[in-house]
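A quick write-up on the structure given underneath.
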Amino acid sequence: MSKLRVHGFSISVDGYGAGPDQSVERPLGVGGEQLHEWLVTTRTFKQIYGKDAGTTGIDDQRAAQGFENLGAWIMGRNMFGPVRGPWPDDTWKGWWGSNPVYHAPVFVLTHHARPSIAMEGGTTFHFVTDGIEAALERAREAAGGRDVRLGGGAATIRQYLRAGLIDELHFAIAPTLLGTGESLFADLDATKLGYAVTEHVQTNLATHVVLTKRKT
Ligand SMILES: NC(=O)c1ccc[n+]([C@@H]2O[C@H](COP(=O)([O-])OP(=O)(O)OC[C@H]3O[C@@H](n4cnc5c(N)ncnc54)[C@H](OP(=O)(O)O)[C@@H]3O)[C@@H](O)[C@H]2O)c1
Numbered sequence: 041m042s043k044l045r046v047h048g049f050s051i052s053v054d055g056y057g058a059g060p061d062q063s064v065e066r067p068l069g070v071g072g073e074q075l076h077e078w079l080v081t082t083r084t085f086k087q088i089y090g091k092d093a094g095t096t097g098i099d100d101q102r103a104a105q106g107f108e109n110l111g112a113w114i115m116g117r118n119m120f121g122p123v124r125g126p127w128p129d130d131t132w133k134g135w136w137g138s139n140p141v142y143h144a145p146v147f148v149l150t151h152h153a154r155p156s157i158a159m160e161g162g163t164t165f166h167f168v169t170d171g172i173e174a175a176l177e178r179a180r181e182a183a184g185g186r187d188v189r190l191g192g193g194a195a196t197i198r199q200y201l202r203a204g205l206i207d208e209l210h211f212a213i214a215p216t217l218l219g220t221g222e223s224l225f226a227d228l229d230a231t232k233l234g235y236a237v238t239e240h241v242q243t244n245l246a247t248h249v250v251l252t253k254r255k256t
């Protein structure tokens, strides 16, 4: 059965997946870039962006696992970009250039309809306006038996957690405080929702934690 997986979602010690005031200049909000230090140094991350070298070891293994056996992605509209409200035009096509890192169908949750965008390298952005379950159904169908990765951000992951639809959630706690921003676990009781910590390991740059949904 195809799983819905979160991987490499970086949070601060106080639980924020992005800082406040997201913008074109600060995609992760104020202070948010500190969250990804464990990731951007890895060989996996550097290879994705066509660069050499990078660290190997636990951070890199965790980054690489996030790309195994994937057939489709889901993300929230704020992860896709800084445009808010109705789309003024079709100019914005994501942060990732003409050949995005996904190489698969990506289902973007939004309240504002927009035609799909086919990019180079196999990525197509589809805009889903009828909710998280519809997005998951479409992603599963597109994934053809492989897993679906839920990229983020926090607001979108929280909805899927609340609905008990995430099978596995790997997050990396960066050794920093943000104080405010987009909280991953706000107003959620993950234990009541059936989740338990099944792995944890620490590196110099992050503590990696995996939550797994108990079988019912
Ligand atoms: N820490 C990490 O590892 C990580 C990973 C990914 C992204 N990020 C960062 O996280 C931030 C984005 O996260 P976020 O929590 O602000 O937002 P988000 O989850 O990316 O997007 C939220 C938006 O998506 C749309 N949406 C979500 N659920 C919907 C639903 N059920 N129906 C219709 N539309 C829905 C709504 O937009 P509209 O109503 O405007 O359409 C909503 O405001 C960015 O700064 C990004 O860079 C961090």
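Read in order, the letters of the sequence shown are residues 41 to 256 in the numbering used here. Every residue, glycine too, gets a C-beta built ideally from N, C-alpha and C.
task = Could you spell out where the alpha helix (DSSP H) holding residue 120 opens and where it closes?
result = For the purposes of this step, residue 120 is taken as residue 80 along the sequence shown, with counting starting at 1. Element bounds for residue 120: 117-120.
task = Could you check if residue 237 is buried or exposed, using at least 16 other CB atoms within 10 Å of its CB as the buried criterion?
result = Reading the sequence shown from its first residue, position 197 is the one you call residue 237. By the neighbour-count rule (16 or more Cβ atoms within 10 Å), residue 237 is not buried but exposed.
Contact test: residue 124 Cβ vs ligand 1 heavy atom, cutoff 8 Å = Numbered from 1 along the sequence shown, position 84 holds the residue referred to as residue 124. Yes - ligand 1 has a heavy atom lying nearer than 8 Å to the Cβ of residue 124.
key: Segments of 3+ residues assigned as beta strand (DSSP E) that fall wholly inside the segment 54-116   = If we require 3 residues or more, the beta strand (DSSP E) runs fully inside the segment 54-116 come out as 56-58, 110-116.
request  = Give me whichever residues DSSP pairs with residue 145 in a beta bridge.
outcome  = The residue you call residue 145 lines up with position 105 of the sequence shown. Looking at the DSSP assignment, residue 145 forms a beta bridge with 164.
query = Any idea what DSSP makes of residue 45, helix, strand or coil?
reply = If you number the sequence shown from 1, residue 45 lands on position 5. Correct three-state label for residue 45: strand.
query = Taking the C-alpha atoms as reference points, what is the distance between residue 204 and residue 130?
reply = Within the sequence shown, numbered from 1, the residue matching residue 204 stands at position 164. Within the sequence shown, numbered from 1, the residue matching residue 130 stands at position 90. Using only the alpha carbons, I get a separation of about 34 Å.
task = Under the assumption that residue 218 contacts residue 59 (Cβ atoms under 8 Å), give the Cβ distance between them as a whole number of angstroms.
result = By one-based count along the sequence shown, residue 218 stands at place 178. By one-based count along the sequence shown, residue 59 stands at place 19. Cβ-Cβ separation between residue 218 and residue 59: approximately 5 Å, consistent with a contact (criterion under 8 Å).
Selection from 164, 199, 243 that minimises the alpha carbon distance to residue 223 = Your numbering for residue 223 matches position 183 in the sequence shown. The option with the nearest alpha carbon to residue 223 is 199.
request  = Indicate, with yes or no, if ligand 1 has a heavy atom lying under 8 Å from the CB of residue 186.
outcome  = Along the sequence shown, one-based indexing puts residue 186 at 146. Because no heavy atom of ligand 1 lies under 8 Å away, the Cβ of residue 186 does not count as near it: no.
Continuous beta strand (DSSP E) stretch holding residue 189: start and end = Here residue 189 refers to the residue found at position 149 of the sequence shown. Per DSSP, residue 189 belongs to the beta strand (DSSP E) from 187-192.
message = Among the candidates 146, 166, 162, 147, whose CA atom is the shortest distance from the CA of residue 155?
response = What you label residue 155 is simply residue 115 of the sequence shown in a count that begins at 1. Among 146, 166, 162, 147, the Cα nearest to that of residue 155 belongs to 166.
ask   = Is residue 157 near ligand 1, judged by its Cβ being under 8 Å from some heavy atom?
value = Translated into positions along the sequence shown, residue 157 becomes position 117. No, the Cβ of residue 157 stays beyond 8 Å of every heavy atom of ligand 1.
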